[in-house]
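Residue numbers (the working numbering), protein chains in the order written: chain A, -2 to 135; chain B, -2 to 135.
In this text, a Cβ means the ideal position worked out from N, Cα and C, and glycines have one as well.
Just so it is clear, the structure is predicted and the values come from calculations on it, not from any experiment.
Each remark here refers to the structure printed beneath this line.
Number of protein chains: 2
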Amino acid sequence: MSDLLERLRDRGWRLTAQRRVVAQVLDGDHVHYTADEIHALAVNLLPEISRATVYNTLGELVSLGEVLEVSTDGRAKRYDPNARHAHQHLVCDACGTIRDVHPAGDPLGSLPATERYGFTISGVEVTYRGLCPDCGTA
Amino acid sequence: MSDLLERLRDRGWRLTAQRRVVAQVLDGDHVHYTADEIHALAVNLLPEISRATVYNTLGELVSLGEVLEVSTDGRAKRYDPNARHAHQHLVCDACGTIRDVHPAGDPLGSLPATERYGFTISGVEVTYRGLCPDCGTA
DNA sequence: ATCCAGAATTGGATCTTGTCCAAAACCGAA
DNA sequence: TTCGGTTTTGGACAAGATCCAATTCTGGAT
Ligand SMILES: [Mn+2]
Ligand SMILES: [Mn+2]
Ligand SMILES: [Zn+2]
Ligand SMILES: [Zn+2]
């Protein structure tokens, strides 16, 4: 059983067949699927699973902190199971590919105290944009 | 006439009444309105302007590099006329307020060469999240 | 001043993403 | 086995955005 499923069971989550296949699709640390992609992949494993259940399950996983929502453009949100290791994203502007990259130093540190305007800051998202090797001008 | 309108005219843009009021609404460097907010404000100045024209005009301004699109959440995109000075955003998770903040050092520098995976990197977006003074736990 | 072709605008249809809801199915404790 | 709470489901609904064919506008040519 995957780490993810194990942690969920430890939290008293009822492990239904539907939740199991959603977790299974997300398993592996380097995917960034949309909800509809996850639904399509889940249907391969459990043909009768509904779109609503996929959205419900993803919402619960996000609330539990097991999955991150990533909005790299104004399109569909992507769901990132790599919630345990802080990381940032490198996005191809042409094909939308997303890669995980890892911070050098604390990105929060780059915001000077004089630029906080009384906010209580809880996090920072960094998205690098460019062209991937496949899409770059050959 | 605003700087923005002047630059647009210099580029040979046809300055219609509709485009003028959209530019007028965006004038001033610290706004981050949604397309519908811009439409509502534009209607005050030119009652018959359509939503489609607001979207068309915003799209053109973005193509020209005069306005930036900002997607801070999965909701409506926001349009940022402050495209001439590199800056980052500080977003309140409770009320959605956006403030401009200014980088200390080049945020691009924080991505190690070993983490570029053959991408040609063209830019970076940094979004700090937290609670604004109004929304913070009093 | 008038005409005309290309540019711009318009309202509504359409699409995508996501949420909501009431009914049905499921599950596990008693 | 029964029963109440939990989960799932399909379809309705909503927001944001795009598309499109019809119309209006515009500025240069005459
Ligand atoms: Mn990731
Ligand atoms: Mn800004
Ligand atoms: Zn690419
Ligand atoms: Zn706030």
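Taking 9 Å as the CB threshold, A/Ile35 stays off the interface with chain B. Judged by pairs of C-beta atoms under 8 Å, the region 40 to 49 of chain A does not touch the region 78 to 97 of chain A, as fewer than three such pairs exist. Residues of the region 100 to 125 of chain B whose Cβ lies closer than 8 Å to any Cβ of chain A, in chain order: Pro100, Ala101, Gly102, Pro104, Leu105, Ser107, Leu108, Pro109, Glu112, Arg113, Tyr114, Gly115, Phe116, Thr117, Ile118, Ser119, Gly120, Val121, Glu122, Val123, Thr124 and Tyr125. Across the structure, A/Asp97 and A/His27 are spaced so that their CA atoms are roughly 7 Å apart. For ligand 2, a non-hydrogen atom lies closer than 8 Å to the CB of B/Ile95. Contact check for B/Ser68 against A/Asp90 fails: the beta carbons are separated by 9 Å or more. Two segments are said to touch when three or more pairs of C-beta atoms, one from each, lie closer than 8 Å; by this definition the region 7 to 19 of chain B does not touch the region 101 to 117 of chain A.
Every unbroken stretch of the alpha helix (DSSP H) spanning 4 or more residues and falling wholly within the region 7 to 59 of chain B is given here in chain order: 14 to 23 and 32 to 42. Neighbours of B/Cys89 across chain A, judged by C-beta separation under 9 Å: Phe116. Assignment of B/Glu122 by DSSP, reduced to helix, strand and coil, places it in the strand class.
The three-state reading of DSSP puts A/Gly133 in coil, since its state is none of H, G, I, E or B. For B/His99, the shortest separation between its Cβ and any heavy atom of ligand 2 does not lie below 8 Å. Residue state for A/Leu105 is assigned as helix, using DSSP reduced to three classes.
Taken atom to atom, the span from the alpha-carbon of B/Gln21 to that of B/Leu38 is near 10 Å. Interface annotation, B/Pro130: in contact with chain A, CB-CB separation under 9 Å. For A/Cys92, there is no enclosing beta strand (DSSP E), as DSSP marks it with neither H nor E. In the DSSP assignment, B/Tyr76 falls within the beta strand (DSSP E) that extends over Arg75 to Asp77. For A/Thr117, the three-state secondary structure derived from DSSP is strand.
Here B/Asp77 has Val28, His29, Val64, Leu65, Glu66 and Val67 as same chain residues with Cβ atoms under 8 Å from its own Cβ, once five neighbours each way along the sequence are excluded. A residue is called buried once 16 or more other Cβ atoms fall within 10 Å of its Cβ, and A/Tyr125 is buried on that count.
Note that the C-beta distance between B/Pro104 and B/Val123 is below 9 Å.
Within a 10 Å sphere around the beta-carbon of A/Gly115 sit fewer than 16 other beta-carbons, which makes this residue exposed. A distance below 6 Å between beta-carbons, with the five flanking residues on each side excluded, links A/Arg16 to the following residues of its chain, in chain order: Thr54. Contact check for B/Ala101 against B/Ala73 fails: the beta carbons are separated by 9 Å or more. Around the Cβ of B/Gly127, a 10 Å sphere holds 16 or more other Cβ atoms; the residue is buried.
B/Glu66: member of the beta strand (DSSP E) spanning Leu65 to Val67, first to last residue.
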